[in-house]
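Engineer: Per our numbering, the very first residue in the sequence shown carries number -4; after that it's consecutive.
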Amino acid sequence: MQPLAGFGMLTVQIQEEVVTVPQHTTGEILVTLRREIFRDDWDMLAEDLVVYQLPLWFYQHLERSTDHAFTPKYDRIFTELFDLDPGMLSQLLVAPDPVAVLDALKDRVFTEAHWRLRRMRLPWPDQDNVAQRLARTSPARYPYGGLLRCVRLTMPGTTVSDMSLILHLPELVYWQVELGQLPANGDVLDLLFRAYGTNDLRPLLAATDLPERVKAHADQLPELSFNFT
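Dropping the structure here:
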């Protein structure tokens, strides 16, 4: 190196910065997570996506992304959706073998109890707000959803997931029945008959004492009675 005139030898030290370059795209990681966490069960995935207001077609579009980093919004959503630890998505992007990383977690992720708790933690949209929005655009087609919702709310701490398990319905289907967007099946009607002590539900649609009626017939609902106070 030649010295600069009048300044002697100028020494410049360049500090090398080590940058970790992602080995995988966000789309590749989403495909891996779907296959490993949801076992390619598109129906179950679609049910959970609705909680985050993500249509299945849009999620499929994200699986084709060539980006190398998740935006903060999708980092939060997919961390919750796939039940990952904070920062795990970033680790998967640079992992030589993302499947091996997930395999190390499978004992925690795939136990039935943990899976059940994960489903119960899903932040289902508030039914009141959704019902008000639907009332403006898509009125309830079926009248007994409100009666079903009253049964659930009369029992403190009972979630959409709890009721769907009792009635053997997917969470999304139960939720739509409660909103009046799907008809009540035989199991739902049987529960309502017993909850309100009547085989004619029509007069109840205008009743104002529904919680009291449910509590009065709690002994007819042994599968739910543990929730009554």
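Where a beta carbon is used, it is the ideal one built from N, C-alpha and C, also for glycine.
Is the Cβ-Cβ distance between Arg208 and Glu173 less than 7 Å?
Structural biologist: For Arg208 and Glu173, no; Cβs fall outside 7 Å.
Engineer: Find the nearest neighbour of Gly22 within the set Ser85, His163, Asp43, judged by alpha-carbon distance.
Structural biologist: The residue with the shortest Cα to Cα distance from Gly22 is Ser85.
Engineer: Can you tell me where the alpha helix (DSSP H) with His56 in it begins and where it stops?
Structural biologist: Per DSSP, His56 belongs to the alpha helix (DSSP H) from 51 to 57.
Engineer: Closer than 8 Å by C-beta to Ala211: which residues in its own chain qualify, once you throw out the five before and the five after it? Chain order, please.
Structural biologist: Cβ neighbours of Ala211 beyond the five flanking positions: Gly192.
Engineer: Count the C-beta pairs between the segment 57 to 68 and the segment 193 to 207 that are closer than 8 Å, then say yes if the count reaches three, no if not.
Structural biologist: Flag = no, the segment 57 to 68 and the segment 193 to 207 do not touch.
Engineer: Do Thr153 and Pro206 have their C-beta atoms closer together than 7 Å?
Structural biologist: Contact flag unset, no.
Engineer: Can you look up Thr61 in the DSSP assignment and give me helix, strand or coil?
Structural biologist: Coil at Thr61, not helix or strand.
Engineer: Distance check for Leu160 and Leu186, CA to CA, integer angstroms please.
Structural biologist: Approximately 13 Å between the Cα atoms of the pair.
Engineer: For a test of the three-state rule: what should DSSP assign to Gly247, helix, strand or coil?
Structural biologist: Outside the modelled stretch of the chain, which goes from -4 to 224, sits residue 247, for which no answer is possible.
Engineer: If you draw a straight line from the C-alpha of Leu100 to the C-alpha of Met83, how long is it?
Structural biologist: Whole-angstrom Cα-Cα distance: 11 Å.
Engineer: In this structure, how does DSSP classify Phe188 when only helix, strand and coil are distinguished?
Structural biologist: The answer is helix: DSSP assigns Phe188 an H, G or I state.
Engineer: Going by C-alpha to C-alpha distance, which of Asp35, Leu25, Asp78 sits closest to His56?
Structural biologist: Out of Asp35, Leu25, Asp78, Leu25 has the C-alpha closest to the C-alpha of His56.
Engineer: Assign Phe53 to buried or exposed, taking buried as 16 or more other Cβ atoms, counted over all protein chains shown, within 10 Å of its Cβ.
Structural biologist: So Phe53 counts as exposed.
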